[in-house]
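K.L.:
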Amino acid sequence: MAAICEESHKLHVLAVDDSLVDRKVIERLLKISSCKVTALDSGKRALEYLGLDGDNNNNNNNNNNNNNNNKSHVSLNDLKVNLIITDYSMPEMTGYELLKKIKESSIFREIPVVIMSSENVLARIHRCLEEGAEEFLVKPVKLADVKRLKDFITKGIDEENREKKVNKRNLKDDSDSCSSRSPSLSPESSSKRCKHDNK
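Okay, here's the thing in C-alpha cells:
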C-alpha cells in the first residue's frame, strides 16, 4: 500500500527522443531522481500518448475491432504528466514542432516542456524559449540538470496545492459568512444580500 502511495506522488515525466541511447540515459537520470518515466521515440508518439494526434477521434470511432491503436493512448483521467522533456532534432516531427502542438492545446499548455539538443545553437534556443519552452538543455544532460528541473516542478506543484487550499478556505469562509447572517432575515433576502456582498 505504501509503495502504491509513493508511486502516485512521483512526478510523471514524458521523455521523447529518437535516439535509444539518449532515451535510456534521460530515463535513468529521471528514475534516479525518483520520477515516473514514460519514454517515447518520436514526437508523433508523444502526441498520440497525450491524445493530441489529429486522427485520434477517428481511431476511437473506427477501432472497435482493432485495439492495437488504442493501447498507446491513455485516457485523460489516467494521464497526469508533470513535465515533458524532448529532443530537438528528430525525424518526422522536431521537438520544436512538438512544443508548439503542446502549447496550442488548452489541456496541456500549462505542462512545462524542456528541449534538449546536442547542438548549442542560439537562434534555436531563443526560438524554443519564445514558443514557451521552460528550459533548453545542451546534451549530455546531467543528473544536476534533472534534479534542478524536478525541484522547480515540485515547487510549482506545492504552490498550486497551497493556492487550491486557500481558495477552498475562502469559499468555505464565504459560505459561512452567508449562513451566519441575522436570523431576522428571511432565507430569500439573506441569499440576495450574500450575492450583493460578493459583487
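Sequential numbering from 878 applies to the sequence shown in this note's numbering.
Glycine is no exception: its CB is placed at the ideal position from the N, C-alpha and C atoms.
#1: So the candidates are S911, K957 and D1022; which of them puts its Cα closest to the Cα of L927?
#2: Going by DSSP in three states, V898 sits in which element: helix, strand or coil?
#3: Residues in the same chain with beta-carbon distance under 8 Å from G1033, minus the five sequence neighbours each way, listed in chain order, please.
#4: Determine the contact status of I992 and T963, defining contact as a CB-CB distance below 8 Å.
#5: What are the residues that DSSP puts in a beta bridge with K913?
#6: Pick out the complete alpha helix (DSSP H) segments inside the stretch 958–1005, 4 residues or longer, and give them in chain order.
#7: Looking at V890: is its Cβ nearer than 8 Å to the Cβ of L976?
#8: State the Cα-Cα distance for the pair P1017 and Y965, rounded to the nearest angstrom.
P.N.:
The short version:
#1: Here the closest residue by C-alpha is K957.
#2: Reduced to three states, the DSSP call for V898 is helix.
#3: Taken in chain order, the residues that qualify are P989.
#4: Going by C-beta atoms, I992 is nearer than 8 Å to T963.
#5: DSSP lists H889 as partners of K913.
#6: Counting only runs of 4 or more, we get 972–981.
#7: Going by C-beta atoms, V890 is not nearer than 8 Å to L976.
#8: Taken atom to atom, the span from the alpha-carbon of P1017 to that of Y965 is near 13 Å.
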